[in-house]
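Residue numbers for the sequence shown follow the working numbering, so the first one is 176 and each next one is one higher. Just so it is clear, CB atoms sit at the ideal spot from N, CA and C, and this is done for glycine as well. Here the structure is a predicted model, which means the values were calculated and not measured. Taking it in order: structure first as C-alpha cells, then the write-up.
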Amino acid sequence: MNEKYDVIVIGAGLGGLAAAARLARLGKRVLVLEHHSVPGGYAHEFRRGKFRFDVALHALDGMAPGGWGYDAMKQTGIQNRLHLHRLDPFYTYRTPERDVTVHADIAQYENELIRHFPHAASGIRALFDASLRAFLQTRRLMQDRAAQRIPDELIPSRYGDALAVMSQSLAEFMAPYVDDPEVIGAFTALWGYYGLPPSQLNAATFVMPWGSYHLTGAYYPQGGGQALSRALEAVIRENGGTICYQQTVTKIYVSNERATGVETAKGLRADADIIIANSNAPDTFMKLVGREHLPSAFVENLQTLTPSLACAVLYLGVERDLVKDGWNYHECYVSETNDPETDYAYVLRGDWAHTPIGISNYSAADNPAPEGSSVLSIFTLAPMDYQNQWGTGGVLDKYGKNETYLKLKRKVGETLLARAEEFIPGLSTAIKYQETSTPLTNIRYSLNPGGAIYGFAQNVEQAYAGRLAHRTPIANLFLAGAWTFPGGGMSAAMLSGVEAARLAIGRLENKKVSTMFMPTEFGQTEETL
C-alpha cells in the first residue's frame, strides 16, 4: 500500500518549496519530490574551492514590509531566517554614451533619468506616474480578488489601469509618455530580466516588479539564492514535512478526473489528496498527466504556448578584490546599442560579441569568496536553437562529451570574458576558477524545455491574465512556479507557491476560494466544490 500524504509537491524550486512550507506550517502532511540533489531550482549554488557561485539570483523585489516578497516570507515562516542586503544603487546601466545609476529609491531614480535626459523631463515624470498607478491598482486588484471583495462585473470600471497594463506591450504602455529611443532604452534596461524586448513584453510583467523594486526595495540575501532555498527547506522539515532529492517524478496517476498519486523514476509511489506541480507545465500535462486525461481545448491551448529564452553565464572566481579596485557595482548592465529591439536580434542570432550582458559582482553585496578575492558572473540571454541546438542536433544524451558543443561553449565563455575585460582590465590574469553554463546546463538541472528561465515567454498573450492558472482541469492538481501566475522571477515564484498553497487549503477544507487574477478561457478562478 502506498504511503498517503495530504499534499505532494513535485519539484523543489522556490514555488514548490514556498507551497510546501506554507502547507507544512498549517499542519498538513507534505512530501516534496525533487529531481536534483539540492533544493531551489534556479535558486541554488555551486562551489569551487572556497568560492561560492550563485547560479541565477541577481536581486529580490518586494522584501520590505508591504511588499509581496515580504508577505511570502511571512507566510512561509522564513522572514527571520534571512539577512537581506539592500541594494541602492540597484544597478548601473552602461552604454557607449553614458552610465545611468539606477537607484532603488524611486525619487532618486526619477531624478537621475531627468538629469541625463532633461529634454524629456515631463514625459519621464508622466511615465513614472502611470507606472505607479498601474502597479498600485494591479496589486489592489490581486488583493481584492483573493479576498473576494469585488465581483468580476465591477472590475472593468474600477481597475481600468490594471486591465490596460496587463493587455498591452511595454512599448504600447510607454508610447503616450516618451518617444526618445535613448530614454526608452534607459527606462527598459532590465528587459533582459523578463526575456523579451518592449515591443513584445507584457507591460505588467515589467511594471509590477519595477514598482516592487522601487517602492519596497531591491535586496540580495546573505548566502545567495541557496539561502532562500535552505530556509524554506528547514521550515518544511521542522514542521513535519519530507523532502526527497534525486527523485524524478515520471507519472501523475489520475482516476475519475482527480489526481491520486505519483511515481518516480526510482519506483517510489505515493498518494495524496492534493498534488502541486512545480515542474514545468508542458511536461506536467503532456508527460506526467497525459493528454487523455485533459480537455482537448486545454491541450490545444497548451500546445500554442511558447517557452521563454534560456541563458548563457560565465562564472568567475578571481583573486582580486574588485570592490577595492573600483568595480563596486552589484549589477552593471551593458548595451552597445541602447536599443532593446536590436539587442534582442543579437540574442536570437547568438551574436555573443554584441548581445546585452549583465556583469554581477556578488562580492559587492555578499561574501562568497575568500578575503581579497571576488565572485563575478557575466550573463546573457541565449536561445536553445543556436547552431543546431548547440551542436547537438537535439541529441542531449552525453552532450558534455560532444566536441561541437564543447567548442561552442568555449566560444561563448571566451567572448563573455573578453567583453567583461573591456571594463575590468586585467581580469583574465586573476582567474582562479571559471565555468560556463548554457541552455543545455539549464535543461540538465531544471528539466525546463529549451532551458527556459522564465517559464512561458512573457509576451502580451502569455503573461498575467494569459498565464496558465494555478488551478488545472484536474480538480486537485495545482501549479506553482514560473509557468503559472505571476510568471518568471524568484519573488514571483515564491508568490505563486503561496497562492497555490492557499488554493490547495481551500480544496482540502472544502471552502470556496477565488484566485488573485482575472479569468481566462483555460483557467478557473473560482473553485467549484
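For residue i, the three-state DSSP class (helix, strand or coil)
i	result
His278	coil
Pro482	strand
Tyr508	strand
Thr700	Confidence at Thr700 is low in this model, with a pLDDT of 44, below 50, so the placement of that residue should be treated as unreliable; the coordinate-derived value is given next. Thr700 falls in the coil class under three-state DSSP.
Gly641	helix
Ser342	coil
Ser549	strand
Asp236	strand
Arg273	coil
Thr695	Here the model assigns Thr695 a pLDDT of 44, short of 50, so the residue's position is not dependable and the matter cannot be decided.
Ala472	helix
Pro396	strand
Asn156	In the structure as shown, the chain begins at 176 and stops at 704. Residue 156 is therefore absent and cannot be evaluated.
Asn685	coil
Ser621	helix
Lys249	helix
Ile299	helix
Val493	strand
Ile606	strand
Phe221	strand
Gly244	helix
Under 8 Å between C-beta atoms of residue i and residue j
i	j	result
His260	Ala544	no
Val184	Ile451	yes
Met341	Ala640	yes
Gly672	Gln633	no
Val493	Arg269	no
Ser387	Ala346	no
Leu523	Pro558	yes
Trp658	Asn503	no
Asn651	Asp496	no
Arg256	Ala406	yes
Ser666	Asp236	yes
Ile553	Leu591	yes
Ile281	Leu365	no
Ala218	Gly400	yes
Thr425	Thr439	yes
Ala295	Val358	yes
Tyr395	Ala234	yes
Arg200	Gly242	no
Pro214	Leu232	no
Status (buried if at least 16 other CB within 10 Å, exposed otherwise) for residue i
i	result
Lys584	buried
Leu329	exposed
Val570	exposed
Arg677	buried
Leu704	With a pLDDT of 36 at Leu704, under the threshold of 50, the predicted position of this residue should be treated as unreliable, though the coordinate-derived value follows. Answer is exposed; the Cβ neighbour count stays below 16.
Asp203	Inspection of the sequence shows that residue 203 is occupied by Lys rather than by Asp. With 16 or more Cβ atoms within 10 Å of its Cβ, Lys203 is classed as buried.
Ala472	exposed
Glu432	exposed
Ser430	exposed
His210	buried
Gly698	Low per-residue confidence applies at Gly698: pLDDT is 41, beneath 50, and the placement is therefore not dependable, though the value from the model is reported in the following sentence. Counting Cβ neighbours within 10 Å, Gly698 comes out buried, since at least 16 surround it.
His505	buried
Asp518	buried
His645	buried
Glu578	exposed
Glu696	Low local confidence applies: a pLDDT of 37 at Glu696 is under 50, so the model's placement there is unreliable, and no value is given.
Beta-bridge partners of residue i, as assigned by DSSP
i	result
Gly533	Tyr508, Phe554
Asn455	Asn455 pairs with nothing; no bridge assigned.
Arg646	Phe653
Phe460	Note: Phe460 sits in no beta bridge, so no partner.
Asn634	Leu376
His260	Tyr395
Ser612	Val488
Leu206	Ile183, Thr417
Thr439	Val424
Ile325	Per DSSP, none; premise fails for Ile325.
Asp446	Lys179, Gly436
Thr267	Thr276, Cys507
Residue range of the unbroken beta strand (DSSP E) whose run includes residue i
i	result
Tyr388	No beta strand (DSSP E) holds Tyr388; the alpha helix (DSSP H) holding it covers 378–391.
Gly662	Run containing Gly662: none; DSSP gives neither H nor E here.
Phe228	226–229
Endpoints, the alpha helix (DSSP H) within which residue i is located
i	result
Ala406	400–413
Tyr519	515–524
Gly465	Here Gly465 belongs to no alpha helix (DSSP H), and DSSP marks it neither H nor E.
Leu591	578–598
Ala361	356–362
Ser430	Ser430 -> not in any alpha helix (DSSP H); beta strand (DSSP E) instead, spanning 424–430.
Asn255	Unbroken run through Asn255: none, as it is neither H nor E.
Trp366	No alpha helix (DSSP H) holds Trp366; DSSP gives it neither H nor E.
Residue-chain proximity (residue i, chain C), Cβ-Cβ < 8 Å
i	result
Arg261	Although the question refers to chain C, the structure presented lacks it and comprises just one protein chain.
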